[in-house]
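Have a look at the structure below, then the notes.
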Amino acid sequence: MLQIEGLTMRYPTGDLALDNVDLTVERGQVIALIGPSGAGKSTLIRCVNRLVEPTAGAIRLNGTDIVSMGRANLRRTRRRLGMIFQEYALVERLSVMENVLSGRLGYVGFWRSFLRHYPQSDIDEAFRLLERVGLDHMVDKRADALSGGQRQRVGIARALMQSPDILLVDEPTASLDPKTSRQIMRLITGLCRERGLGAIINIHDVPLAMQFVGRIVGLRAGEIVYDGPPSGLDDQRLTDIYGEEDWSGTRARDGDEDSDEAEVQTNAARKVVSAVDLPEMKKVAAS
Amino acid sequence: MSIAAPGLGVAQAGSRRWRKPPFIADPRLRYAIYAGLLIYLVIGIGSVNFNWDRMIAGLDRGVAFVSAFLTPDFTSRWTDISKGLLESLTMTLIATVFGVILSIPVALGAARNIAPWPIYAFCRSIIAVSRAFQEVVIAIVFVAMFGFGPFAGAMTLAFATIGFLGKLLAEDIEDIDRSQVEAVRATGGSWFQLLNYAIQPQVAPRFIGLCIYRLDINFRESAVIGIVGAGGIGATLNTALSRYEYDSAAAILLAIIVIVFIAEYSSGYIRRKFL
């Protein structure tokens, strides 16, 4: 569904962020992109929706090349590429609902969005998503009044409002505590499965990636050095990606699931958890 | 040479001394600058010639002025004063509204992070021209162009507002959180939607604060530019002063002070509401 071919990105400073990267994401496939800081993970997903302009290569979404697109086409294509950000990137002074509805900006005209007069179907969908992420009681709260985990849930709802084909997720858990991180990862991967969405998830936390995602891609200095299941990620592979280090314990971590579920606040959120806790996830976590 | 840490030699074994490095590393240059500034200050003070006789002569007028403040006369020139105040307030409001409306596109164009180079340069030059001239200078030009009266005054204030608000708003736009802009761009929103969703919410409180502050400044400036013929309360004040009617002048100044105070307190209230 998403094919990246020969993607190269050189910053004006001369730094080569991506070096001839090939990557294919099948429909409904979730990929975790791991690698050290500066390996080009953020650049890679920002090239996909051209927040960063790639230097060379092709990116095809359902067969259409994004890199060569004109502005109007690019805007239309961006609607199909939902993005979730590290520091949430919510518009702080807008309400939760306005933030979620902003996911529809590519679909509605300026005056509709300016007057906040969205079609009823969009509002229905926004309420459905807010319920799904467990925030339907905070609709009119301002985004800056929310906790980190809650903000990221709003960010997820906003991305899904776009009715995307694929999610580009940039360090979704980097600013969150370990428990909230797990809840957010479970939510993202669960929603992808429910809606048949593909996703590229940049993530620093290797055990977390291995726990939730079936395909891991390792990036080092702008090149893919690993592409495979979490089980194949042994000490040697981790050294390939990150460099020499003592990796014992990295893959052994598992299960704070029990404590997770005890404190999930709303029924809606509880549904999320049970929907996502599928057997194969347990298997991945235990391996 | 940048050896600027006296006592480096006396450091004991195992304990390193630390001092904040001086702003100017070279001590010779540093002390030369200090000495230069001191000499300039002494010469400067020496060059101001106090004319004691003139000061004593002027003291009487000063006393008359101050004592008139204790007996301000609102009644005998009240029609002139109220007309002047109303004219000034009208002038101020019109100038602020039009100035603000015109300054928004200028500010957007003058923000480096959202405007392309040619537009940026053009808008920055508008701001520079507007800011280069003091209100009184612009007022003199506009009075010459449009004749005496509040129209020239309103034009002056609107023109000055563009420079003031354009510059400060543009700087505020340049300081916004980029990730919020990125997020709205990523949804496929258009440029205007980007303004409305990502930029406007971030700059709105400061923008409102700046508008109220500029309203305040415009009112005070209206008193000054009236003196050069641009209408309003300044014209009334000028007339009162040239007739040596210090009690009426005092009444005018008190009225200005009261209005500025009202503006000050209400602006604080409004800003708290919007933050």
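Just so you know, the sequences run in chain order A and B.
Under this note's numbering, think of the first position of the first sequence as 6, with each following residue one higher.
Under this note's numbering, think of the first position of the second sequence as 10, with each following residue one higher.
Cβ atoms here follow ideal geometry from the backbone N, Cα and C, with glycine treated the same way.
Bear in mind the structure is a predicted one, so any value in this text is a computation, not a measurement.
Cutoff 7 Å: residue i Cβ touching any chain A Cβ
i               : result
M10 of chain B  : Residue placement at M10 of chain B is flagged as unreliable, the pLDDT there being 46, under the threshold of 50; the coordinate-derived value follows with that caveat. No, M10 of chain B lies away from the interface with chain A (no Cβ there is under 7 Å from its Cβ).
Y8 of chain B   : This structure does not reach residue 8 of chain B, given that chain B is present from 10 up to 284, and the question cannot be answered.
R281 of chain B : no
S188 of chain B : yes
G218 of chain B : no
R191 of chain B : First, the amino acid is wrong: residue 191 of chain B is Glu here, not Arg. Yes - at least one Cβ of chain A is within 7 Å of the one on E191 of chain B.
A272 of chain B : no
A120 of chain B : no
A195 of chain B : yes
A209 of chain B : The displayed chain sequence assigns Gln, not Ala, to residue 209 of chain B. No, Q209 of chain B lies away from the interface with chain A (no Cβ there is under 7 Å from its Cβ).
F201 of chain B : yes
G241 of chain B : no
G198 of chain B : yes
A13 of chain B  : Per-residue confidence for A13 of chain B stands at a pLDDT of 49, beneath the threshold of 50, marking its modelled position as unreliable; the derived number appears in the next sentence. Not one chain A Cβ lies under 7 Å of A13 of chain B.
Residue i at chain B interface by Cβ criterion, 7 Å
i               : result
E250 of chain A : no
V96 of chain A  : yes
R147 of chain A : no
N67 of chain A  : no
M88 of chain A  : yes
A49 of chain A  : Position check: residue 49 of chain A holds Leu in this sequence, whereas Ala was assumed. It does not; no Cβ of chain B falls within 7 Å.
L21 of chain A  : no
L56 of chain A  : yes
L99 of chain A  : yes
R200 of chain A : no
T18 of chain A  : no
R158 of chain A : no
E10 of chain A  : no
R80 of chain A  : yes
R15 of chain A  : no
R76 of chain A  : no
I31 of chain A  : First, the residue type needs correcting, since residue 31 of chain A is Glu and not Ile in the sequence shown. Chain B contact via Cβ: absent.
P284 of chain A : Only weak support is given to the placement of P284 of chain A: the predicted model assigns it a pLDDT of 42, under 50, and the value that follows is read from those uncertain coordinates. With 7 Å as the cut-off, P284 of chain A does not count as an interface residue toward chain B.
Short Cβ contact (7 Å threshold) for residue i with residue j
i               : j               : result
G218 of chain B : R140 of chain B : no
G203 of chain A : M6 of chain A   : yes
L38 of chain A  : I246 of chain A : no
G227 of chain A : D70 of chain A  : no
P183 of chain A : R85 of chain A  : no
R161 of chain B : F151 of chain B : Sequence check: residue 161 of chain B is Ala here, not Arg. Closer than 7 Å, so yes.
Q157 of chain A : R65 of chain A  : no
A179 of chain B : A130 of chain B : no
G93 of chain B  : F157 of chain B : no
N104 of chain A : R163 of chain A : yes
I221 of chain A : L196 of chain A : no
A148 of chain A : E97 of chain A  : yes
I208 of chain A : V26 of chain A  : no
E183 of chain B : N122 of chain B : yes
L99 of chain A  : P127 of chain B : no
G223 of chain A : G45 of chain A  : no
G62 of chain A  : L12 of chain A  : yes
I89 of chain A  : V174 of chain A : yes
R202 of chain B : L110 of chain A : In the sequence on display, residue 202 of chain B carries Gln and not Arg. Against a cut-off of 7 Å, the Cβ pair of L110 of chain A and Q202 of chain B comes out as a contact.
S66 of chain B  : Y255 of chain B : Position check: residue 66 of chain B holds Ala in this sequence, whereas Ser was assumed. For A66 of chain B and Y255 of chain B, no; Cβs fall outside 7 Å.
D141 of chain A : L135 of chain A : yes
K167 of chain A : G87 of chain A  : Here the sequence assigns Gln to residue 167 of chain A, which means Lys is not the residue at that position. Cβ atoms of Q167 of chain A and G87 of chain A: closer than 7 Å.
Identified DSSP bridge partners for residue i
i               : result
S100 of chain A : A:R147
L306 of chain B : Coverage of chain B is limited to positions 10 through 284, which leaves residue 306 of chain B absent and any answer about it impossible.
T29 of chain A  : A:Q8
V222 of chain A : A:L38 and A:D232
L21 of chain A  : A:R15
R65 of chain A  : A:Q8 and A:D70
N207 of chain A : A:L38 and A:D175
M88 of chain A  : A:L173
Inset, instruction - Could you say if the stretch 171–180 of chain B and the stretch 144–156 of chain B meet the contact criterion of at least three C-beta pairs nearer than 8 Å? - result: no
Inset, instruction - Report yes or no: do the stretch 186–195 of chain A and the stretch 207–223 of chain A share at least 3 C-beta pairs separated by less than 8 Å? - result: yes
Legend entry - Near-chain B residues of the stretch 163–192 of chain A (beta-carbon distance less than 9 Å), N- to C-terminal order: R163, A164, M166, Q167 and L173
Legend entry - Given 8 Å, three or more beta-carbon pairs between the stretch 229–247 of chain B and the stretch 46–60 of chain B: no
Inset, instruction - Pull out every residue of the stretch 126–156 of chain A whose Cβ sits closer than 9 Å to any Cβ of chain B, in chain order. - result: none
Legend entry - Short-range partners of chain B found in the stretch 104–128 of chain A, where Cβ spacing is below 7 Å: S107, G108, L110, G111, F115, S118 and F119
Inset, instruction - Give the residues from the stretch 237–249 of chain A that approach chain B closer than 7 Å (Cβ to any Cβ), ordered along the chain. - result: Answer set for the stretch 237–249 of chain A: empty.
Inset, instruction - Please name the residues in the stretch 203–232 of chain A whose beta-carbon is closer than 9 Å to at least one beta-carbon of chain B, in chain order. - result: Listed in chain order, the positions of the stretch 203–232 of chain A with a beta carbon within less than 9 Å of a beta carbon of chain B would be empty, since no residue qualifies.
Legend entry - Segment contact flag, the stretch 123–137 of chain A with the stretch 53–61 of chain A, C-beta cutoff 8 Å, min 3 pairs: Not touching, per the Cβ criterion.
Legend entry - Cβ contact check for the stretch 238–252 of chain B and the stretch 260–268 of chain B: 3 or more pairs under 8 Å: Touching, yes.
Inset, instruction - May I ask you to list, following chain order, the residues of the stretch 98–125 of chain B that have a beta carbon less than 7 Å from some beta carbon of chain A? - result: none
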